[in-house]
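Just so we're aligned, residue 31 is where the sequence shown starts under the numbering used here, counting upward by one. Here a beta-carbon is modelled for each residue, glycine too, at the ideal position from N, C-alpha and C. Small disclaimer: the values here were computed from a predicted structure and weren't measured.
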Amino acid sequence: MKDKVLSFGILGLNCASCVSRAEAALSAISGAQDARVNLATQSGQVKGIAPIIVVQELAKAGYPVDIIQAKFKISSMLSKVQIEQIAEAVPGVLSAKANLSESCLEIKTVGSIDDLREALLLAGCPASRVDGGVSSKNPVSENFFRFMWSAALTTPVFLIEMGGHLLPAMHHWIIENVGL
Numbered sequence: 031m032k033d034k035v036l037s038f039g040i041l042g043l044n045c046a047s048c049v050s051r052a053e054a055a056l057s058a059i060s061g062a063q064d065a066r067v068n069l070a071t072q073s074g075q076v077k078g079i080a081p082i083i084v085v086q087e088l089a090k091a092g093y094p095v096d097i098i099q100a101k102f103k104i105s106s107m108l109s110k111v112q113i114e115q116i117a118e119a120v121p122g123v124l125s126a127k128a129n130l131s132e133s134c135l136e137i138k139t140v141g142s143i144d145d146l147r148e149a150l151l152l153a154g155c156p157a158s159r160v161d162g163g164v165s166s167k168n169p170v171s172e173n174f175f176r177f178m179w180s181a182a183l184t185t186p187v188f189l190i191e192m193g194g195h196l197l198p199a200m201h202h203w204i205i206e207n208v209g210l
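Spelled out as structure tokens, the structure:
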């Protein structure tokens, strides 16, 4: 783990102060090297520490790490322990559970799914994704929620400001009653 760079998504980064606090939390971990946090991509990178420590320390700082859960269909002659060891050696993997009777591998990771698939393939254990993967964040519902709030707060201002251009009577009513 000393020379591998761990890349992960971070939830709750909204401003430069959030980035500096998250970066400070990463840098404060003993053994952490080259800790970086990027606001634009909502992600971080650090070298020299285990992923579980990153998850715990950033959660304490108020910035949870995006944990991805995925299930793979595997076809291999390797043992359960070997498959789990290969998966857990990939940077970012928090846990790996192989079930050979069902020919599946369930993982929790903060890293790249593609890196995991490549490591399994190199070890002679081709894996195909069974599920779409469950991320701890849902950007679609979060963005829709923000859109609805902004639309609700913008609509009255828009109608008052632009309504007078469409209906001159509305313009006169606003002047008389609101007094712009």
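Expressed to the nearest angstrom, what Euclidean distance is found between the alpha-carbon atoms of residue i and residue j?
i	j	result
Ile143	Ala91	26 Å
Pro121	Gly141	6 Å
Glu206	Met200	10 Å
Ser133	Ala149	17 Å
Thr185	Pro198	19 Å
Assign residue i to one of three DSSP states: helix, strand, or coil.
i	result
Val85	helix
Ser37	strand
Glu190	Reading off the sequence shown, one finds Ile at residue 190, where the question assumed Glu. Ile190 falls in the helix class under three-state DSSP.
Ile205	helix
Met31	Annotation note: pLDDT 48 at Met31 (below 50); position unreliable, coordinate value reported separately. DSSP places Met31 in coil when its eight states are reduced to three.
Leaving out five residues on either side along the sequence, give the residues of the same chain with a beta carbon under 6 Å from the beta carbon of residue i.
i	result
Ser125	Lys138
Arg147	Ala157
Glu114	Ala126 and Ala128
Apart from the five residues on each side of it in sequence, which residues of its chain come closer than 8 Å, Cβ to Cβ, to residue i?
i	result
Ala119	Ala149
Check: When the Cβ atoms of the stretch 90–101 are set against those of the stretch 137–146, are three or more pairs found closer than 8 Å?
Finding: In short, these stretches touch, since the Cβ pair count reaches three.
Next item on the list: Starting from the N-terminal side, write out each stretch of the beta strand (DSSP E) that is 3 residues or longer and does not extend beyond the stretch 49–80.
Entry: 63–68 and 73–77
Next item on the list: Enumerate, from N- to C-terminal direction, the unbroken beta strand (DSSP E) stretches of 3 or more residues contained entirely within the stretch 109–186.
Entry: 123–129, 134–139 and 157–159
Checklist line | Inter-stretch contact at 8 Å, needing at least 3 Cβ pairs: the stretch 72–84 / the stretch 53–61 | finding: Verdict: yes, contact present.
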